[in-house]
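Novice:
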Amino acid sequence: MKTTRSNKTVQNPKLSETSAQKKNRMRRILSGLKKLYPQATCALRHEHPFQLLVATILSAQCTDEIVNKVTPVLFERYVTPVDLAGADPPDVESIIHSTGFFRQKTKSLLAASRKIVEEFDGRVPDTMDALLKLPGVARKTANVVLGTAFGKNEGVVVDTHVGRLATRLDFTWSAKNAKDAVKIERDLMEIVPRDEWTYLSHALIWHGRQVCFARKPNCAQCILADSCPSAGKI
């Protein structure tokens, strides 16, 4: 099937591929992403693992831009896990109110901080199993902290952008709505080299924000279009 893009006719990949073919196409995608975003990294501003953990918890159902406006105030007032563990909930709620779900997020932040203090000597743990024991931390948050703060590729961060692009690129066999994050992550991990898991997450997020928009992707200006089965069809 052929698609016309920018006065140029390109051959779209077949929707049915072998695992080897998908891996080869993913290599081309990664090569293109590295040309576009050679230094793609987490957009949440932080100076150490605890700040990243807090910011990632706050980012649930919220934009990174809003979180980055809130965290400087929060981090100035509550510097360490000990500080936040003993914080007054209404005070934290007032600071993070704009991130949404502020009451539940406050409970998670304070409970996670207490657990870090009581069970991990005041330091954010650096293993998946330990992170998942922290209140408010699911696999996505753990992947962010492990990959960005500790340089450990334990999984692929699947947010709305990654889910959308993985589906459009036909790299996942999940539901069309791209809502099964666990399944999407598993599919991506099977075809992406482990040392690229963290980079891929960041790069796809950047690409989703700048080119492959949710409603109307800019396929005409996308250098990945030749390797995308969805190019020109949305």
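Numbered per the working numbering, the sequence shown spans residues 160 to 393.
In this text, a Cβ means the ideal position worked out from N, Cα and C, and glycines have one as well.
Computed from a prediction, not measured in an experiment: that's the story for all the values here.
#1: CB Thr-215 to CB Leu-203, shorter than 8 Å?
#2: With a cut-off of 8 Å on the beta carbons, I'd call Pro-248 and Thr-265 a contact; round off their distance for me.
#3: Between which two residues does the alpha helix (DSSP H) holding Thr-357 run?
#4: Can the beta-carbon of Ala-325 be found closer than 8 Å to that of Thr-319?
#5: Per DSSP, what kind of secondary structure is Ala-271 in: helix, strand or coil?
#6: Quick one: residues in its chain with C-beta nearer than 7 Å to the C-beta of Asn-312, no 5 flanking neighbours on either side, listed in chain order?
#7: Going straight from the alpha carbon of Arg-186 to that of His-361, what length do you get?
#8: Please check the pair Arg-304 and Leu-290, which I expect to be a contact at CB under 8 Å, by giving their CB distance rounded to whole angstroms.
#9: For the alpha helix (DSSP H) containing Ile-188, list its first residue and its last residue.
#10: Go to Ser-253, then tell me how far its alpha helix (DSSP H) extends in each direction, as first and last residue.
#11: Between Ala-270 and Ala-219, what straight-line distance do the alpha-carbon atoms span, to the nearest angstrom?
#12: Taking a contact to mean a Cβ-Cβ separation below 8 Å, would you say Pro-240 touches Phe-309 in this structure?
#13: Which residues in the same chain as Ser-178 place their Cβ atom closer than 8 Å to its Cβ, once the five residues preceding and following it in sequence are excluded?
#14: From the DSSP output, in three-state form, read off Thr-163 for me.
#15: Who are the near neighbours of Pro-284 in its chain, counting only those whose CB is closer than 7 Å to its CB and skipping five residues on each side?
#16: Would you call the CB atoms of Ala-340 and Gly-367 closer than 8 Å?
Specialist: According to the structure data:
#1: Along the sequence shown, read from residue 1 onward, the residue named residue 215 stands at position 56. Along the sequence shown, read from residue 1 onward, the residue named residue 203 stands at position 44. The answer is yes: Cβ separation under 8 Å.
#2: Stepping through the sequence shown from its first residue, residue 248 is reached at position 89. Stepping through the sequence shown from its first residue, residue 265 is reached at position 106. Right, the Cβ-Cβ distance comes to about 5 Å (below 8 Å), so this counts as a contact.
#3: Start at 1 with the first residue of the sequence shown, and residue 357 comes out as number 198. Counting along the chain, the alpha helix (DSSP H) containing Thr-357 begins and ends at 356-369.
#4: Within the sequence shown, residue 325 is the residue found at index 166, counting from 1. Within the sequence shown, residue 319 is the residue found at index 160, counting from 1. Against a cut-off of 8 Å, the Cβ pair of Thr-319 and Ala-325 comes out as no contact.
#5: The sequence position of residue 271 within the sequence shown is 112, counting from 1. Of the three classes helix, strand and coil, the one that applies to Ala-271 here is helix, per DSSP.
#6: Counting from one through the sequence shown, the residue named residue 312 turns up at place 153. Excluding positions up to five away in sequence, the list reads Gly-306, Arg-353, Asp-354, Trp-356 and Thr-357.
#7: To locate residue 186, count along the sequence shown from 1; it is residue 27. To locate residue 361, count along the sequence shown from 1; it is residue 202. Approximately 16 Å between the Cα atoms of the pair.
#8: Looking up residue 304 in the sequence shown gives position 145. Looking up residue 290 in the sequence shown gives position 131. Note that residue 304 is Val in the sequence shown here, rather than Arg. Val-304 to Leu-290, Cβ: 6 Å. Contact.
#9: By 1-based counting over the sequence shown, the position of residue 188 is 29. Taken as a continuous stretch (DSSP letters only), the alpha helix (DSSP H) holding Ile-188 covers 178-195.
#10: To locate residue 253, count along the sequence shown from 1; it is residue 94. Where Ser-253 is concerned, the enclosing alpha helix (DSSP H) stretches over 248-255.
#11: For the purposes of this step, residue 270 is taken as the residue at position 111 of the sequence shown. For the purposes of this step, residue 219 is taken as the residue at position 60 of the sequence shown. Roughly 17 Å between the two C-alpha positions.
#12: Reading the sequence shown from its first residue, position 81 is the one you call residue 240. Reading the sequence shown from its first residue, position 150 is the one you call residue 309. Their beta carbons are not under 8 Å apart, which means Pro-240 does not touch Phe-309 by this criterion.
#13: Here residue 178 corresponds to residue number 19 of the sequence shown, with the count starting at 1. Answer for Ser-178: Glu-349 and Ile-350, listed in chain order.
#14: Start at 1 with the first residue of the sequence shown, and residue 163 comes out as number 4. Bear in mind that a pLDDT of 36 at Thr-163, under 50, signals an unreliable position, so the number given afterwards is only what the model happens to contain. Note: Thr-163 maps to strand in three-state DSSP.
#15: Locating residue 284 in the sequence shown gives position 125, where the first residue counts as 1. Hits under 7 Å: Leu-290.
#16: Here the question's residue 340 lines up with position 181 in the sequence shown. Here the question's residue 367 lines up with position 208 in the sequence shown. No.
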